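From first to last, the protein sequence lines are chains A and B.
All letters in the first sequence, in the order written, are residues 1 to 261 by this note's numbering.
All letters in the second sequence, in the order written, are residues 262 to 522 by this note's numbering.
Glycine is no exception: its CB is placed at the ideal position from the N, C-alpha and C atoms.
Note that the structure is a prediction, hence the values are computed from the model and not measured.
Protein chains: 2
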Amino acid sequence: MSRNSNRYHVRAVDRALDLLDTFSTSEPEFTLTELASRLGLSASTTYRLLVTLESRGYVERGNQSGGYSLGVTCLDLGNVFLSQLDLRERALPVMEALREECKETVHLGILDGNRMEVIYLEKLEGLLPVVMRGSRVGGRVPAHCTALGKCMLAYLPEAALHDFYTHVGLRSYTPHTITDLNELLRELKETSRKGLAIDDIEHELSVRCVAAPVWNHKKAVVGAISVSGPANRMSKKRCHELGPLIRDTVLEVSRRMGYPG
Amino acid sequence: MSRNSNRYHVRAVDRALDLLDTFSTSEPEFTLTELASRLGLSASTTYRLLVTLESRGYVERGNQSGGYSLGVTCLDLGNVFLSQLDLRERALPVMEALREECKETVHLGILDGNRMEVIYLEKLEGLLPVVMRGSRVGGRVPAHCTALGKCMLAYLPEAALHDFYTHVGLRSYTPHTITDLNELLRELKETSRKGLAIDDIEHELSVRCVAAPVWNHKKAVVGAISVSGPANRMSKKRCHELGPLIRDTVLEVSRRMGYPG
DNA sequence: AAGGCGTTTTCATTGCGTGAAACCGGATGG
DNA sequence: CCATCCGGTTTCACGCAATGAAAACGCCTT
Chain A
1 MSRNSNRYHV RAVDRALDLL DTFSTSEPEF TLTELASRLG LSASTTYRLL
51 VTLESRGYVE RGNQSGGYSL GVTCLDLGNV FLSQLDLRER ALPVMEALRE
101 ECKETVHLGI LDGNRMEVIY LEKLEGLLPV VMRGSRVGGR VPAHCTALGK
151 CMLAYLPEAA LHDFYTHVGL RSYTPHTITD LNELLRELKE TSRKGLAIDD
201 IEHELSVRCV AAPVWNHKKA VVGAISVSGP ANRMSKKRCH ELGPLIRDTV
251 LEVSRRMGYP G
Chain B
262 MSRNSNRYHV RAVDRALDLL DTFSTSEPEF TLTELASRLG LSASTTYRLL
312 VTLESRGYVE RGNQSGGYSL GVTCLDLGNV FLSQLDLRER ALPVMEALRE
362 ECKETVHLGI LDGNRMEVIY LEKLEGLLPV VMRGSRVGGR VPAHCTALGK
412 CMLAYLPEAA LHDFYTHVGL RSYTPHTITD LNELLRELKE TSRKGLAIDD
462 IEHELSVRCV AAPVWNHKKA VVGAISVSGP ANRMSKKRCH ELGPLIRDTV
512 LEVSRRMGYP G
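Written out as structure tokens, the structure reads:
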């Protein structure tokens with residue numbers, strides 16, 4: 001936690017954000033004392049941070065167990081963030097056409113280059129039975145084993161990938177996950193050549209995806225769009241057949257972002 | 262802004278949150294100087310708040326125009342909040358059955374009693390053409406003109422409603438919006454008797470909804486579930502026909518929340 | 001009644017957050 | 001080409017706001 005204490009950081013604010021970051025899906029609730037000891041703060045300091053955050057709805061109490069947990073206000077910032085992204089609005093109609101064409105789930109994502117994770121910005125559920133739960137707008141998935149992620153990684157400088165992944169390693173999610181960095185780099189080279197990435201059951205069992213990157217006016221990758229479906233419908237053959245359709249989609253979105261092509 | 266300066270508030274944290282709250286859908290971007298003058302702070306203080314928030318991804322720069330806007334990290338807190346709510350997980354399978362039955366869009370919402378607004382926690386898109394865009398998980402809509410909102414307002418003490426709405430008024434969104442408080446109170450009384458609320462084109466033109474509240478083990482209203490559709494498919498007659506189905510749904514969800522019924 | 005646990009309040013200390021003002025660097029324009 | 005402006009960054013000295021220690025409180029269990 002906390003790569004804070006830059007020269008200009010405001011300590012109290014850093015602490016408040018550290019406090020909020022302490023909550024996670026696996027540990028959604030704490031007592032004041034637990035928080036204090038985790039953060040290495042005195043009870044009174046923690047108390048005052050909690051009062052401040054609670055009065056604004058960032059934390060709540062009273063879920064029978066009496067502990068503190070995150071509050072509804074946490075949703076608001078994310079909403080403003082989403083509504084402000086023009087990538088989202090420009091991509092949406094084109095994504096809807098794509099879904100109409102292929103009937104499968106369509107995702108829009110961006111890359112968080114600090115953590116090498118994909119963040120979903122939009123999701124259009126497939127029109128066929130067996131839908132993709134598990135993904136959600138605002139949610140994160142690792143980049144190295146997803147189609148969205150790989151097609152954005154492919155345009156990063158190789159040194160950055162090397163630095164990051166030699167440090168943290170390539171976590172495995174299925175038997176198909178690529179866990180060797182050289183193999184990943186080889187595949188990414190191929191990906192950038194083709195402008196298409198495929199996730200062949202590398203992240204979730206029995207899910208395959210195809211994705212391609214979206215470009216902006218400065219010819220920088222600003223996001224990616226994917227089609228995902230259950231492996232039985234989405235054979236490797238089907239993935240390749242969908243290539244041109246996805247390429248058309250991202251080209252249209254890229255144009256709307258000012259891409260000169 | 263800012264009902265801060267309670268006895269125990271941490272000023273720097275309040276200011277940082279005020280800063281984040283400044284961003285909105287209609288004004289998503291500011292320069293440092295703009296923020297400073299809005300918040301009534303010096304440039305250096307604002308600068309240090311921004312450095313702190315930026316290093317953690319809560320604000321970003323560099324969207325060509327060079328101003329500050331909200332950053333991706335804003336999505337994370339909302340996600341943890343959502344994944345921690347057991348109302349959501351318990352309701353989801355029951356909501357899916359409801360959608361299968363009626364084919365229209367199904368929403369789950371809670372009430373923010375401070376602002377009398379509904380917050381969507383889950384959305385299952387309808388299976389028929391003409392989908393409901395406009396709503397999004399985490400989004401807010403006013404309570405007095407939506408089915409979700411009205412069926413939760415109906416169980417609030419009348420004094421609270423009176424206090425709130427005489428203060429802020431009943432904003433009108435369509436010709437059907439109820440703008441007279443006494444009329445609203447009359448309808449809410451009827452609503453609580455029936456345990457069902459209908460939005461008859463009161464919030465969005467040509468959308469009708471039916472909703473019913475979810476109860477917990479303490480017999481308190483903890484949320485509501487609705488069915489929404491375009492007015493041509495969702496006639497007033499159809500709304501009433503859907504009543505029993507929705508009642509069954511919320512009863513099942515309430516049971517899963519520990520409701521003794 | 002006593003003890004334990006988590007929260008709230010008090011209080012004195014000082015280091016941190018603060019505003020003022022100087023400085024920088026790019027854009028504008030005369 | 002210099003002057004000006006406008007954002008952003010840095011410096012600095014001041015004093016209060018944030019802090020930790022400790023005590024008080026409330027509630028539950030023993």
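Mind listing the chain B neighbours of A:TYR25? Cutoff is C-beta to C-beta under 9 Å, in chain order. The residue asked about is misnamed: residue 25 of chain A is Thr in this sequence, not Tyr. ASN340, VAL341, SER344, GLN345, listed in chain order.
Could you have a look at B:SER263 and say whether DSSP puts it in helix, strand or coil? Bear in mind that the predicted position of B:SER263 carries a pLDDT of just 45, short of 50, making it unreliable; the figure below should be weighed with that in mind. In the three-state reduction of the DSSP assignment, B:SER263 falls in the coil class.
According to a CB-to-CB cut-off of less than 7 Å, which residues of the stretch 209–228 of chain A neighbour chain B? Residues of the stretch 209–228 of chain A that bring their beta carbon within less than 7 Å of a beta carbon in chain B are absent altogether.
Chain-order list of residues whose beta-carbon lies under 6 Å from that of A:ALA154 (same chain, five-residue window excluded): The beta carbon of A:ALA154 lies closer than 6 Å to those of LEU188, THR191, SER192 in the same chain, with the five residues before and after it left out.
Length of the line joining the Cα atoms of A:TRP215 and A:ARG238: Roughly 25 Å between the two C-alpha positions.
On the three-pair Cβ rule with 8 Å, is the stretch 368–388 of chain B touching the stretch 92–106 of chain A? No: the two stretches stay apart, fewer than three of their Cβ pairs being nearer than 8 Å.
Look at B:MET413 and B:PRO491 and say whether their C-beta atoms are less than 7 Å apart. Contact: no.
Given that A:PRO28 touches chain B, what residues does it touch there, using C-beta distances under 8 Å? For a Cβ distance threshold of 8 Å, residue set VAL341, SER344, GLN345 of chain B lies close to A:PRO28, ordered along the chain.
Can a CB atom of chain B be found closer than 7 Å to the CB of A:LEU41? Against chain B, the CB of A:LEU41 has no partner CB under 7 Å away; the residue lies outside that interface.
Pick out whichever of B:LEU280, B:VAL355, B:LEU359 has its Cα sitting closest to the Cα of B:LEU550. As displayed, chain B neither begins before 262 nor continues past 522, which places residue 550 of chain B out of reach and without an answer.
Three or more C-beta pairs below 8 Å linking the stretch 309–318 of chain B and the stretch 8–17 of chain A: Yes, since at least three Cβ pairs between the stretch 309–318 of chain B and the stretch 8–17 of chain A fall closer than 8 Å, the two stretches touch.
For chain B, check one thing: does any of its Cβ atoms lie closer than 7 Å to the Cβ of A:CYS102? Put simply, the CB of A:CYS102 is far from chain B, with every gap to its CB atoms at 7 Å or more.
Alpha carbon of B:VAL422 to alpha carbon of B:GLU288, nearest angstrom: The question names Val, yet the displayed sequence has Leu at residue 422 of chain B. Spanning the two alpha carbons is a distance of roughly 31 Å.
Integer Cβ distance of A:GLY62 from A:VAL72, believed to fall under 8 Å: Rounded, the Cβ-Cβ distance is 13 Å, inconsistent with contact.
What residues match up with B:ILE380 in a beta bridge as DSSP calls it? According to DSSP, which records beta bridges pairwise, B:ILE380 is partnered with B:ILE371, B:ARG401.
Is it buried or exposed, B:ALA481, if we count other Cβ atoms within 10 angstroms and call 16 or more buried? Classification for B:ALA481: exposed.
Does any CB atom of chain B fall closer than 7 Å to the CB of A:HIS107? Cβ-Cβ to chain B under 7 Å: no for A:HIS107.
Taking A:ALA211 and A:ALA147 to be in contact with their CB atoms under 8 Å, please state how far apart those CB atoms are, rounded to whole angstroms. Yes, they are in contact, since the Cβ atoms of A:ALA211 and A:ALA147 sit about 4 Å apart, within 8 Å.
Which residues bound the beta strand (DSSP E) around A:VAL227? Where A:VAL227 is concerned, the enclosing beta strand (DSSP E) stretches over 221–230.
Using a Cβ-Cβ distance under 7 Å, would B:ARG322 count as near chain A? Interface annotation, B:ARG322: not in contact with chain A, CB-CB separation never under 7 Å.
Pair within 7 Å by beta-carbon distance, B:GLU468 and B:SER489: Checking the sequence, you will find Val at residue 468 of chain B rather than Glu. Taking a C-beta distance under 7 Å as the contact criterion, B:VAL468 and B:SER489 qualify as a contact pair.
Chain A residues whose Cβ lies nearer than 9 Å to that of B:ASP464: Note on identity: in this sequence residue 464 of chain B is His, with Asp being the wrong assignment. Chain A residues near B:HIS464: none, gap ~18 Å exceeds 9 Å.
Proximal chain A residues relative to B:ARG309, where beta-carbon distance stays under 9 Å: The contacting residues are TYR8, HIS9, VAL10, VAL13.
Does B:ARG394 come out as helix, strand or coil in the three-state DSSP assignment? In the structure shown, B:ARG394 falls within a coil segment according to DSSP collapsed to helix, strand and coil.
Using only the alpha-carbon positions, how far apart do A:LEU92 and B:ARG394 sit? Looking at the two C-alpha atoms, the distance is approximately 11 Å.
Among all the DSSP beta bridges, which residues are the ones paired with B:ARG469? B:ASP461, B:GLY490, per the DSSP bridge assignment.
Chain-order list of residues whose beta-carbon lies under 7 Å from that of A:ARG15 (same chain, five-residue window excluded): Hits under 7 Å: LEU39, LEU41, LEU49.
Report the neighbours of A:GLU125 on chain B: residues whose CB is nearer than 8 Å to its CB, in chain order. Result: GLU386.
Would you mind telling me which residues of chain A sit closer than 7 Å to B:THR283, beta carbon to beta carbon, in chain order? Those do not exist, as B:THR283 stays about 10 Å from chain A at its closest Cβ, beyond 7 Å.
Can you tell me whether DSSP reads B:GLU365 as helix, strand or coil? The answer is coil: DSSP assigns B:GLU365 none of H, G, I, E or B.
State the Cα-Cα distance for the pair A:MET1 and A:GLU34, rounded to the nearest angstrom. Caution applies to A:MET1, whose pLDDT of 48 falls short of 50 and renders its modelled position unreliable; the model cannot decide the point.
Considering only the alpha carbon of each residue, which of A:GLY66, A:ILE246, A:GLU29, A:SER65 lies closest to A:ALA197? In terms of CA proximity to A:ALA197, A:ILE246 leads the group A:GLY66, A:ILE246, A:GLU29, A:SER65.
Could you round the C-beta distance between A:GLU158 and A:LEU184 to whole angstroms and report it? I think they count as a contact, below 8 Å. Contact doesn't hold; Cβ gap of about 11 Å is too wide.
Could you confirm whether any beta carbon from chain B is found closer than 7 Å to the beta carbon of A:LEU74? Residue 74 of chain A is actually Cys in this sequence, not Leu. Answer yes: the Cβ-Cβ gap between A:CYS74 and chain B drops below 7 Å somewhere.
Would A:LEU17 pass as an interface residue toward chain B - the criterion being a Cβ-Cβ separation below 7 Å? The beta-carbon of A:LEU17 is placed less than 7 Å from the nearest beta-carbon of chain B.
First and last residue of the uninterrupted alpha helix (DSSP H) at B:ALA420: For B:ALA420, the uninterrupted alpha helix (DSSP H) segment begins and ends at 419–429.
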